[in-house]
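Top to bottom, those sequences are chains V and U. Position one of the first sequence corresponds to residue 1 (my numbering), numbered consecutively onward. Position one of the second sequence corresponds to residue 1001 (my numbering), numbered consecutively onward. Here is the structure we will look at.
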Amino acid sequence: MKFAVVVFPGSNCDHDAYHAAKDVLGQDAEFVWHKDAELRGADVVILPGGFSHGDYLRTGAIARFSPVMNAVRAFAAAGGPVLGICNGFQILLEAGMLPGAMLRNRELKFRCEHVHIRVEQIDTPFTFACRPQQVLRIPIAHGEGNYFITPDDLHRLETNRQVIFRYTDAAGSPADEANPNGSLGSIAGICNEGRNVLGLMPHPERACEAVLGSTDGLVIFESVVAALAAGALSPAGSAQG
Amino acid sequence: MSPASLHDQATLERHGLTPEEYARIVTSLGREPNLTELGIFSVMWSEHCSYKSSRVHLRTLPTSGRRVLQGPGENAGAVDVGEGLAAVFKIESHNHPSFIEPYQGAATGVGGIIRDIFTMGARPIALMNSLRFGSIDDPRVRRNMEGVVSGIAGYGNSMGIPTVGGEVAFEGCYTGNPLVNVFCLGIAKIDDIVKGVASGTGNPVYYVGAATGRDGIHGATMASAEFDGRSAEKRPAVQVGDPFMEKLLLEACLEVMKSDALIGIQDMGAAGLTCSTSEMGSRGGAGIDVDVSRVPQRETGMTPYEIMLSESQERMLLVVKRGREHEVEEIFRKWDLHAAHVGDVTDDGKLRIRNRGEIVAEIPNGALTDEAPVYERPTREPEYLKDVQTLSLTGRPALVEADAFFALLKAPVIASKRWVFRQYDHMVRTNTLVLPGMGAGVVRIKGTNRALAMSVDGNGRYSYLDPYRGAMLAVAEAARNVACAGAEPIGGTNCLNFGNPERPEIMWQFARAVQGIRDACLGLDIPITGGNVSLYNETDGRAIYPTPVIGVVGLIENAGNVLSRAFRAAGEAIVLLGETRNELGGSEYLKVAEGIERGTPPELDLKAERALQQLLVGSARERAIHSAHDCAEGGLAITLAECAFGTGGIGFDVDIAPVSGAPEGWSLAAALYSESASRAVVTVSRDGLSALLARARAAGVPAREIGTTGGGRLRVTVGGRPVIDAAVNEAEAMWETALEKYFKQRAA
């Protein structure tokens, strides 16, 4: 299975996603430069965290114009699994591949720490191997992770079961104190209507090894490997013919 | 008086040059300098660039050792960490700019130290910082601190380099002169280390990065003068950082370095283009001929003087092998950076500056660097010392009950720094093995089994009370912190923050502190591989406490053996290594509970310290201990509490012995809060206890079992008498939120 990790100027979690896929999971992984027009036969695409284009203008606002994003759009349209982590999530929002927008954290400060998130739905390629309502301990590291969406769109998101992760306490209860950034509905991650494009603010790639304090992020990568192996979704390559 | 006829006295003063220094310039050149040349001399001969007051003292520091690959004199030091790899590291100050414009001052400090590291061919993998502010009760201080912390976060986080730890202290003397010392460490293949050298006549000189503006002109000169009521007017001398540009530069430069088309590279930090050209030329014994009209500029009408002195950030100077220009330009193009060919290497050893071909300055490189003035400034023992060193605690009993303990837990110096380090991305790159606040910062080196531990430490109050011993204790504490993580200390870097060196009392403090660093480094076998001196930290004639800050790097050969301060399990034996003496002088307890800042700092026996550190490293290597934490501010009582925090509520039940020799009514306070050096609290399984005690005995380290982990409470008795008894989670909440309450208060 081959992971493509897209590198934008200013990406800085690209090596971490690559390390998790290649060294921890033992899968194939390749960096794809943002100016490239092709994904070179990838089975999974990761848009990693960081500060693409310095977060200038708005987070993710410039990265969405990179040539590679056309390929990512086509890959997703064909059903290929796309994971946006942190800045990658922000890019997916700006690119219109996921609904909603990000505001600055409610305390107006960057925040880096381990948080708990609850898996709301397991019928996506990235939560395929999770237990329903499983609570994961995974770090966040962002200044703009305060998810916002209009009431109508939120209603649609909830009705379609597109909220995939919520911030909770260790016991899985979405208390306001457990919400690190003020996100609407304690939303930490969502998917598209096709369920193959997923964005989340926490960093699962930072929680894949016991020496780093948590292995709870591993299940997200293992899920997509298992989902693809089980044929639970049609890989982009075959869909394209 | 003045030998100057081209420039009046006011011009010389504005350039921070004395009449004697001007005469020296005239001698070097054989003529009077024009204004551009005067500007160039003024920044290169400023205290900040020339180290003219400190150099004679710094020469005495031990700088070599079996692991040292690069000592002082390059952009950063380097030590061999095995498997063909080098750790490249340095600490630097950005004190003056961080007072004038806290966010940008601190941010550009981080940017500067990162450039120093990747300039050496190393990928930066960890940042730390040592911050000192005035009293946190002062709203102006809090505003300054918020700006500094956000600035560090804004830059470091964007760069994707984790900030893995550091220290934050508060003391009235830093109100007008906060200290912002930033440390960066990178990893390079030993064979790939690059130097800041220009050589090979005819090789092209390239300028890469941000365009040059008028920001930061005379920044180095600003950092070489005291503040007064008009310092806010100096704001234009603070630069603005662009971490995105730096991230592109970092990636592009590391890619260029892999190509072997590069001769040398240097960042443009203090004194900008002037410093990079003259230093690179001087190191390579070559000259550099640069035309400023080819330098990318973001403002119109800039003069050669302004271009040469600008301290615009995120700029690099490269010397490339002739014939390989295309390869290098191509790499920069990939990263959307423009590499401008601004000049060439010559063989005449001169810095020649042209503007559209016409020569506007011509100075021998040596005159700017090696021949810069060196002063042996007079020293005089300050009169305040004898008074502040006397401490009389007789006649009234100490406050030893639980109140003092809780007051200390909430004291800003001791309270959790979560509010600070939560703003830093401390996990990016997925190497961080010990999170901030849990001990020394520890990062693994991917592709090996190894890890590096690092700690930055200083204690201004100790150094104020005794600069020599304060400096020694700073070295010992940084090394001890690293040893507590299980790492063998292998190299150090120093940041020396002092007042105006033209005052003999300040120079005395400086000289004594350097002696202290030298003696401690010799005794603990820690070579100093570089660092930075920040003088003139004074406002309206009042100097900061003399504040030497030491960064120590340690090596762990098996990353699986890393220790943190946190107790690992309940039911383990707690052992105190080292001896508690009656040493409350300069302690946090005296300040917080009694309002006293007097006495002499704790004694330091370097042999005992070395033995303790070797015992810690050896025991960690053999997994004979499960956690380790050094005793510092707040003494044994606070150390024990910190070991229980972050464990999910594992408590302890401990009995410690009263301290002999304390004045009547003070033996309990001394037992709990004395800051005696060369101590650590470790835990060991019940089965391993006797072996550990035997090992300590053989090493000559006093060791005593003082209690057991577990029980969910912090329980301390002294000689059987109950003193502290509190639930871990309540005490922990108090400690963890004390600092952020100061900031929430303001918001409410």
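From the three backbone atoms N, C-alpha and C, an ideal C-beta is built for every residue, glycine too. Just so you know, these numbers come straight off a predicted model, no measurement behind them.
Report yes if the C-beta distance between residue i and residue j is below 8 Å; otherwise report no.
i	j	result
Asn1431/U	Gly1486/U	no
Leu1069/U	Ile1265/U	no
Leu1212/U	Pro1296/U	According to the sequence provided, residue 1212/U is Thr. The question's Leu does not apply to it. Yes, they are a contact pair.
Met1/V	Asp36/V	no
Lys1247/U	Ser1158/U	yes
Cys1631/U	Ala1680/U	yes
Ile966/U	Val1319/U	Chain U is shown only over 1001 to 1748; residue 966/U falls outside these bounds and no answer can be derived.
Pro204/V	Ile85/V	yes
Ala1106/U	Val1148/U	yes
Ala1407/U	Cys1049/U	no
Thr1493/U	Gly1551/U	yes
Lys1090/U	Cys1173/U	no
Gly1111/U	Tyr1155/U	yes
Gly1531/U	Asn1481/U	no
Val248/V	Val6/V	Look at the range of chain V in this structure, 1 to 241, and you will see that residue 248/V is not part of it.
Val1208/U	Ala1339/U	yes
Met1302/U	Arg1356/U	no
Ile1040/U	Ile1114/U	no
Leu1468/U	Gly1523/U	Sequence inspection shows Tyr at residue 1468/U; the Leu mentioned does not correspond to that position. In this structure, Gly1523/U does not lie closer than 8 Å to Tyr1468/U by Cβ.
Arg1444/U	Leu1433/U	yes
Thr1737/U	Arg1568/U	no
Asn192/V	Val1428/U	no
Phe1652/U	Trp1735/U	no
Leu198/V	Thr124/V	yes
Which class does residue i belong to by DSSP, given the choice of helix, strand or coil?
i	result
Tyr18/V	helix
His1048/U	helix
Ile220/V	helix
Ala178/V	helix
Phe1567/U	coil
Asp1457/U	strand
Glu1020/U	helix
Asp1242/U	coil
Ala1559/U	helix
Ser1416/U	coil
Pro235/V	With a pLDDT of only 47 at Pro235/V, under 50, the local geometry of the prediction cannot be trusted, and the value read off the model is given with reservation. Of the three classes helix, strand and coil, the one that applies to Pro235/V here is coil, per DSSP.
His53/V	helix
Ala95/V	coil
Thr1737/U	helix
Met1/V	coil
Cys1521/U	helix
Lys1189/U	strand
Arg1715/U	strand
Ile1040/U	helix
Ile1574/U	strand
Met1316/U	strand
Ser1463/U	helix
Cα-Cα, which of the options is closest to residue i?
i	options	result
Asn1537/U	Asp1525/U, Val1716/U, Asn1500/U, Leu1524/U	Asn1500/U
Gly50/V	Ala230/V, Pro9/V, Asp23/V, Leu98/V	Pro9/V
Glu1171/U	Leu1317/U, Ser1276/U, Leu1351/U, Ala1543/U	Ala1543/U
Thr1529/U	Glu1032/U, Leu1058/U, Ser1054/U	Leu1058/U
Met1454/U	Phe1421/U, Val1684/U, Tyr1464/U, Ile1490/U	Ile1490/U
Val1420/U	Met1472/U, Leu1590/U, Arg1598/U, Gly1166/U	Gly1166/U
His1341/U	Arg1333/U, Leu1351/U, Glu1329/U, Asp1347/U	Glu1329/U
Practice prompt. Return the chain-ordered ranges of every alpha helix (DSSP H) run that is complete within the region 1089-1141 of chain U and spans a minimum of 4 residues.
Written response: Entirely contained in the region 1089-1141 of chain U, the alpha helix (DSSP H) runs reaching 4 residues are, in chain order, 1095-1100, 1102-1118.
Practice prompt. List in chain order: all unbroken alpha helix (DSSP H) runs of 4+ residues lying wholly within the region 1633-1666 of chain U.
Written response: 1635-1644
Worksheet item: Any residues in the region 1622-1638 of chain U with a beta carbon nearer than 8 Å to a beta carbon of chain V? Which ones, in chain order?
Response: Shown here is that no member of the region 1622-1638 of chain U has a Cβ falling below 8 Å from a Cβ of chain V.
Fill in: Unbroken stretches of the alpha helix (DSSP H), 4 residues or longer, contained in the region 1334-1418 of chain U
1365-1368, 1384-1389, 1402-1410
Worksheet item: Can you list, in chain order, the residues of the region 8-19 of chain V whose Cβ is nearer than 9 Å to any Cβ on chain U?
Response: Pro9, Gly10, Ser11, Asn12, Cys13, Asp14, His15, Asp16, His19
Worksheet item: For the region 90-109 of chain V, which residues have a CB atom closer than 8 Å to at least one CB atom of chain U, in sequence order?
Response: Lys109
Worksheet item: If you scan the region 1594-1621 of chain U from start to end, which runs of the alpha helix (DSSP H) of 4 or more residues do you find wholly inside it?
Response: 1606-1621
Worksheet item: In chain order, what residues of the region 1406-1430 of chain U put their CB closer than 7 Å to some CB of chain V?
Response: Arg1422, Gln1423, Tyr1424, Asp1425, His1426, Met1427, Val1428, Arg1429, Thr1430
Fill in: the region 1160-1172 of chain U: positions lying closer than 7 Å to chain V by Cβ
Gly1160
Item to complete: Give the residues from the region 1554-1570 of chain U that approach chain V closer than 9 Å (Cβ to any Cβ), ordered along the chain.
Response: Ala1559, Gly1560, Val1562
Practice prompt. Would you list, in sequence order, the uninterrupted beta strand (DSSP E) runs of no fewer than 3 residues that lie entirely inside the region 126-208 of chain V?
Written response: Runs found: 135-142, 146-148, 163-168, 187-191, 197-200.
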